[in-house]
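Undergrad: Right, I'll just put the structure down here and ask away after.
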Amino acid sequence: MTAGAPLEVLGIRHHGPGSARSVGRALDALDPEVVVIEGPPELDGFAPLAGHAAMRPPVAALVYVPDDPKRAAFYPMAVFSPEWVALQWALAHGRSVRFADLPAANRLAMEFGGDPSPAGQPVERGELPDSSGLDRPAIQEYPDAIGALAVAAGYDDHERWWEDAVEQRMAGADPLHRFTAVGEAVAEFRAGVDDPDLTLGREAAMRKVLRSVVRNADGPVAVVCGAYHVPALQRTSWPSATADNAVLKGLPKVKVAATWSPWTSARLAYGSGYGAGVDSPGWYHHLFTSPDDAVGSWMVRVARCLRRHDFEASSASVVEATRLAGALAAMRGRPLAGLSEVNDAALSVLTGGSPIPMKFVTGELIVGNELGEVPRETPQVPLARDLARLQSKLRMKPSAESKTVVLDLRKKSQLQRSLLLHRLSLLGIPWGVPTDAGRTTGSFKEAWTLQWQPEFSVSVIEASVFGGTVEAAATASVLATALDEQVELRRLTELVEACLEAELTDALIGVLDRLEERTAATSDTIALAEAVEPLARTERYGNVRGVDTGVIGRVLRVLVTRVAVGLTGMSVQIDEDAAARVRTAIEGVERGVRLVQRPELAEVWDEAVDRLAEHEAAAGGVAGRVNRMVLDGGRIDTAEAGRRLGRVLSTAGDIDRAASWLDGFLSGQAVILIHDAPLLDLIDAWLTELPSAMFDDVMPLIRRTFGRFDWPERRMIGERVRRGGGGGAARTDVGVDVDRAAPAVDKVAALLGLDEASNSGRDAASAEQVAHG
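Note that our numbering has the sequence shown beginning at 865, numbered continuously upward.
And the structure:
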């Protein structure tokens, strides 16, 4: 056993308000010279920043590999985290702070495999690994001792067991004694558990730090760590330093950097996918900050939340709900009301048993939408500093709460906000997501849904390889994508539009050059067709931002011409899946050509479509769609359209092709059938005359075709068919069976009080009249 300063190990429940209060009282009683917190030692130099006045939890320590920022780990802390309380206590009292755990340099190398390289194991954005000692890892590396003790006591909420069994049951007791009791319980649990190598390695690394601390400290040393590690960190159980060094020898290692990053309440919650979190961070924050009358003050907050969303919540109901929560706690044998009791009481009293209003309470209060802040002195990559500068300049403060903003691009300040959001999107940082702007004045409006996510901090670090400013990084990123040999033609056209929206002139020139090059080398007519619409949209609306779009016209003319030449070839002798893609591509070209309103393009395109419309070998769905386009364009009349439809629906033709042709022809609005009786009669007659087996085969497609129409349109079509298509006299060949209909007629007449109708309802005329309503 190593000699040195006395050591006290405080086993805590991560992110627990009860643990946090206990740690604060224990440190006051112990008054240690050094506070050691479970966490990677790379955080030692960043601990003083936690005492900065501008630091506001929730925040997270971020450790990442500079050469491969996807290799990163967050170590979140909230105001109610015991680690945060210990850190604040040490800084407030001028005591030394150390972190003890397996170094992140080793941990990230182990989790992602070897040296930084593309062959590593990148983590998808939003699923960054939690290799934290401050939080249990997302993949549980050891059994949950406190959870097992809670289950053994009949609890399904581990933190609630800690509150009931430790905090509230032992009020007034020596705080150090509480931690001793918890350590003994965990030691008994671990006696029958075989720990994995990762846990043993972490604890060896912790002891290595503790040996150094107690050797050099003159006063007591306090260790704040997960309760599971307490038995391994008690000095009486330490193995030799040689044994610990042997465990740590030969571990892989990478170069890492560290900083602080804002975090959110939602990312502390289990529901966000952050497996090491807690399911009610907002509630825990309330418990920690409002220890006196926590239930009553919580009910007041619930009532305010409900009123904000136009639900009634009176003061009397708040009092009643508070009393009910206390009564429920007593009935369930719990010292005080917890979250389950306050939720049940609020549901019963404040929302009248309706779960819908409680969804607002869950999102805004139980989980919360807090976003932490870090001081400007926090180390950042140049790109992050430029982003922070722009956010401050444009008054776009990041928020964890989702909100929608509408930008008027005619105003300089709002245009600058739009440019920032577009450029960040190109960098893979979707802080803003475009949404429907509703009724606006032309194309001068943009609507965005803004919500900052903690993992964007890593995304900014990743994007910093492209440049030190948002504009430079976005330009370099776009050019890198454009020069990729695997980039699709459609993606290039989308990049042209994105460059205009983001006003990246240098990138736009490079993408256009690349687009011309790829267009000339591409023989895939469908790919060329798919590129027309986004390019046409760019030419039509790009000048809203004052950008010269003339160069786009040359590329667009080449695209439309080449598609027109290859239109027939890509539309014949193809299967159903290929026909669906061709049809979608043709519709896109049609919209693009009409959008730019250039006669020379329209002429070339219309000639190609007219030729395809009369081609006998064209795929059914494609042929039907282009014939509808020709009809809508006024290049044929309804009589000619009926002739072509009749030829396709001929009994001598292919039934499947006829159904597909009809599907293509009827796509869009149903007005053609409502107002053109001959076409409707033609389709009705074709369906009526189909043999039973064929009818069953084509019915799913026909049902899908008509199912696209609005309900009023379908009803009008049905009424016209019932009346005989053109609106003539009602059909008389309904085949009413008088004998079978008579009981129903009598019953309906009796219900209506028409006894005379019941007596006369047995003749065919009255039966048929009732049958038709």
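Beta carbons: idealized from backbone N, C-alpha and C, even for Gly.
Small disclaimer: the values here were computed from a predicted structure and weren't measured.
(1) What is the rounded straight-line gap between the Cα of alanine 1472 and the Cα of arginine 1287?
(2) What do you reckon, are the CB atoms on tyrosine 1092 and phenylalanine 944 nearer than 8 Å?
(3) Between alanine 884 and proline 922, which are expected to be in contact by the criterion C-beta below 8 Å, what is the C-beta distance as a whole number of angstroms?
(4) Run through the DSSP bridge pairs and tell me what serine 1652 is partnered with.
(5) Would threonine 1432 and arginine 1475 qualify as a contact pair, given that the criterion is a beta-carbon distance under 8 Å?
(6) Rounded to whole angstroms, how far is the Cβ of glutamate 1367 from the Cβ of leucine 1247, which I believe are closer than 8 Å?
(7) Work out the CA separation of valine 1077 and methionine 865 for me, nearest whole Å.
(8) Would you identify the three-state DSSP class for alanine 1338, choosing helix, strand or coil?
(9) Using the three-state DSSP reduction, which class does tryptophan 1312 fall into: helix, strand or coil?
(10) When DSSP labels each residue in this structure, what does valine 843 get in the three-state scheme?
(11) Would you kindly check if the distance between the Cβ of tryptophan 1102 and the Cβ of leucine 926 is under 8 Å?
(12) Is the distance from the Cβ of proline 930 to the Cβ of lysine 1119 below 8 Å?
(13) Of the choices Val1446, Val1602, Ile1220, whose alpha-carbon is the least far from that of aspartate 1174?
(14) Note down the Cα distance separating threonine 1305 from alanine 1189, rounded to an integer number of angstroms.
(15) CB-CB under 7 Å to leucine 1235, same chain, minus the five flanking residues each way: which ones, in chain order?
(16) Tell me which same chain residues have a C-beta within less than 7 Å of the C-beta of glycine 1506, skipping the five on either side of it?
(17) Taking only the alpha-carbon atoms, compute the straight-line gap between proline 1318 and serine 1266 and give it to the nearest angstrom.
(18) Measure how close the beta-carbons of threonine 1294 and glutamate 1310 come, nearest whole angstrom, since I'm counting them as under 8 Å.
(19) Would you say the beta carbon of alanine 1029 is closer than 7 Å to some non-hydrogen atom of the ligand GDP?
(20) Looking at the secondary structure, which residues open and close the beta strand (DSSP E) in which lysine 1267 lies?
(21) Can you check whether the CB of valine 1324 is closer than 8 Å to the CB of valine 1375?
(22) Taking valine 1490 and alanine 1481 to be in contact with their CB atoms under 8 Å, please state how far apart those CB atoms are, rounded to whole angstroms.
(23) Take arginine 1382 and list the residues in its own chain whose beta-carbon comes closer than 7 Å to its own, dropping the five residues that flank it on each side.
(24) In the DSSP assignment, the alpha helix (DSSP H) including alanine 1068 goes from what residue to what residue?
(25) Using three-state DSSP, classify lysine 1611 as helix, strand or coil.
(26) Where does the unbroken beta strand (DSSP E) through arginine 1462 begin, and where does it stop?
(27) Kindly indicate which three-state DSSP category phenylalanine 963 falls into: helix, strand or coil?
(28) Pairs of beta-carbons, one from the segment 965-974 and one from the segment 1063-1070, closer than 8 Å: are there three or more?
(29) Classify glycine 1592: buried if its beta carbon has 16 or more other beta carbons within 10 angstroms, exposed otherwise.
(30) Looking at glycine 1452 and glycine 1485, is the spacing between their C-beta atoms short of 8 Å?
(31) Comparing alpha-carbon positions, which option in Asp1028, Ala1466, Ile1390 lies nearest alanine 1434?
(32) To which residues does DSSP link proline 1294 through a beta bridge?
(33) Excluding the 5 residues preceding and the 5 following alanine 1193 in the sequence, name in chain order all residues of the same chain whose CB lies nearer than 8 Å to its CB.
(34) To the nearest angstrom, how far is it from the Cα of lysine 1276 to the Cα of leucine 1258?
(35) Give me the Cα-Cα distance between proline 1145 and alanine 1400, rounded to the nearest whole angstrom.
(36) Taking the alpha-carbon of leucine 1254 as reference, which of Gln1280, Ser1321, Gly903 has the nearest alpha-carbon?
TA: Looking at the atomic coordinates:
(1) Locating residue 1472 in the sequence shown gives position 608, where the first residue counts as 1. Locating residue 1287 in the sequence shown gives position 423, where the first residue counts as 1. Annotation: alanine 1472 to arginine 1287 spans about 39 Å, alpha carbon to alpha carbon.
(2) Position 228 of the sequence shown holds residue 1092. Position 80 of the sequence shown holds residue 944. Taking 8 Å as the Cβ cut-off, tyrosine 1092 and phenylalanine 944 do not qualify as a contacting pair.
(3) The residue you call residue 884 lines up with position 20 of the sequence shown. The residue you call residue 922 lines up with position 58 of the sequence shown. Rounded, the Cβ-Cβ distance is 13 Å, inconsistent with contact.
(4) Only positions 865 to 1637 of the chain appear in this structure, which leaves residue 1652 out of reach.
(5) Position 568 of the sequence shown holds residue 1432. Position 611 of the sequence shown holds residue 1475. Cβ atoms of threonine 1432 and arginine 1475: closer than 8 Å.
(6) Taking the first residue of the sequence shown as position 1, residue 1367 is located at position 503. Taking the first residue of the sequence shown as position 1, residue 1247 is located at position 383. Glutamate 1367 to leucine 1247, Cβ: 18 Å. No contact.
(7) Within the sequence shown, the letter at position 1 stands for residue 865. Within the sequence shown, the letter at position 213 stands for residue 1077. For methionine 865, the predicted model reports a pLDDT of 44, less than 50, meaning its position is unreliable and no value from the coordinates is stated.
(8) One-based indexing of the sequence shown puts residue 1338 at position 474. Three-state result, alanine 1338: helix.
(9) The residue given as residue 1312 occupies position 448 in the sequence shown. The answer is strand: DSSP assigns tryptophan 1312 an E or B state.
(10) Shown here, the chain extends from 865 to 1637; a query on residue 843 therefore has no answer.
(11) By one-based count along the sequence shown, residue 926 stands at place 62. By one-based count along the sequence shown, residue 1102 stands at place 238. No, these two residues do not count as a Cβ contact at 8 Å.
(12) As a first step, residue 930 is located in the sequence shown; it is residue number 66 there, counting from the start. As a first step, residue 1119 is located in the sequence shown; it is residue number 255 there, counting from the start. Yes; because the gap between Cβ atoms is below 8 Å, this pair is in contact.
(13) In the sequence shown, residue 1174 corresponds to position 310, counting from 1. Nearest option by C-alpha distance: Ile1220.
(14) Along the sequence shown, one-based indexing puts residue 1305 at 441. Along the sequence shown, one-based indexing puts residue 1189 at 325. Since pLDDT at threonine 1305 reaches only 46, below the 50 mark, its modelled position is unreliable, and the value read off the structure follows with that caveat. Taking the straight line from one Cα to the other gives about 52 Å.
(15) By 1-based counting over the sequence shown, the position of residue 1235 is 371. For leucine 1235, where only same-chain residues beyond five positions count, the Cβ hits under 7 Å are Pro1126, Thr1128, Pro1262, Ser1263, Ala1264, Trp1316.
(16) By 1-based counting over the sequence shown, the position of residue 1506 is 642. Closer than 7 Å at the Cβ level, and outside the excluded window around glycine 1506, lie Pro1542, Leu1543, Leu1546.
(17) Taking the sequence shown and counting its residues from 1, one reaches residue 1318 at position 454. Taking the sequence shown and counting its residues from 1, one reaches residue 1266 at position 402. Using only the alpha carbons, I get a separation of about 14 Å.
(18) What you label residue 1294 is simply residue 430 of the sequence shown in a count that begins at 1. What you label residue 1310 is simply residue 446 of the sequence shown in a count that begins at 1. Strictly speaking, residue 1294 in this sequence is proline, with threonine absent from that position. Wrong, their Cβ atoms sit about 15 Å apart, outside the cutoff.
(19) As presented, the structure is devoid of all ligands, the ligand GDP included, so that no description of it is given.
(20) Looking up residue 1267 in the sequence shown gives position 403. Run containing lysine 1267: 1267-1272, per the beta strand (DSSP E) assignment.
(21) Working through the sequence shown from its first residue, we reach residue 1375 at position 511. Working through the sequence shown from its first residue, we reach residue 1324 at position 460. Remark: C-beta atoms of valine 1375 and valine 1324 do not approach each other more closely than 8 Å.
(22) As a working note, residue 1490 is residue 626 in the sequence shown. As a working note, residue 1481 is residue 617 in the sequence shown. With 8 Å as the limit, valine 1490 and alanine 1481 do not qualify as a contact, their Cβ atoms being about 13 Å apart.
(23) Within the sequence shown, the letter at position 518 stands for residue 1382. Leu1353, Leu1356.
(24) Looking up residue 1068 in the sequence shown gives position 204. Taken as a continuous stretch (DSSP letters only), the alpha helix (DSSP H) holding alanine 1068 covers 1061-1080.
(25) Sequence index remark: in the sequence shown, residue 1611 carries index 747 (1-based). Three-state DSSP puts lysine 1611 in a helix.
(26) Within the sequence shown, numbered from 1, the residue matching residue 1462 stands at position 598. Element bounds for arginine 1462: n/a, residue is neither H nor E.
(27) Working through the sequence shown from its first residue, we reach residue 963 at position 99. Looking at phenylalanine 963 - three-state DSSP - the assignment turns out to be strand.
(28) Judged by Cβ distances under 8 Å, the segment 965-974 makes contact with the segment 1063-1070, as three or more pairs qualify.
(29) By one-based count along the sequence shown, residue 1592 stands at place 728. Its pLDDT being 41, under 50, glycine 1592 is placed unreliably by the model, and the measurement read from it follows with that caveat. Under this definition glycine 1592 is an exposed residue.
(30) Residue mapping note: residue 1485 aligns to position 621 of the sequence shown, counting from 1. Residue mapping note: residue 1452 aligns to position 588 of the sequence shown, counting from 1. For the 8 Å CB-CB criterion, glycine 1485 and glycine 1452 do not form a contact.
(31) The sequence position of residue 1434 within the sequence shown is 570, counting from 1. Sequence inspection shows methionine at residue 1434; the alanine mentioned does not correspond to that position. Minimum Cα distance to methionine 1434 is reached at Ile1390.
(32) The residue labelled residue 1294 in the question sits at position 430 within the sequence shown. Answer by DSSP bridge pairing: none, since proline 1294 is not bridged.
(33) Indexing the sequence shown from 1 puts residue 1193 at position 329. Only Pro1199, Leu1200, Ala1201, Gly1202, Glu1205 meet the Cβ criterion.
(34) As a working mapping, residue 1276 is identified with position 412 in the sequence shown. As a working mapping, residue 1258 is identified with position 394 in the sequence shown. Approximately 11 Å, taken between the alpha carbons.
(35) To locate residue 1145, count along the sequence shown from 1; it is residue 281. To locate residue 1400, count along the sequence shown from 1; it is residue 536. Roughly 49 Å separates the two Cα atoms.
(36) As a first step, residue 1254 must be located in the sequence shown, where it is residue number 390. The shortest Cα separation from leucine 1254 among Gln1280, Ser1321, Gly903 belongs to Gln1280.
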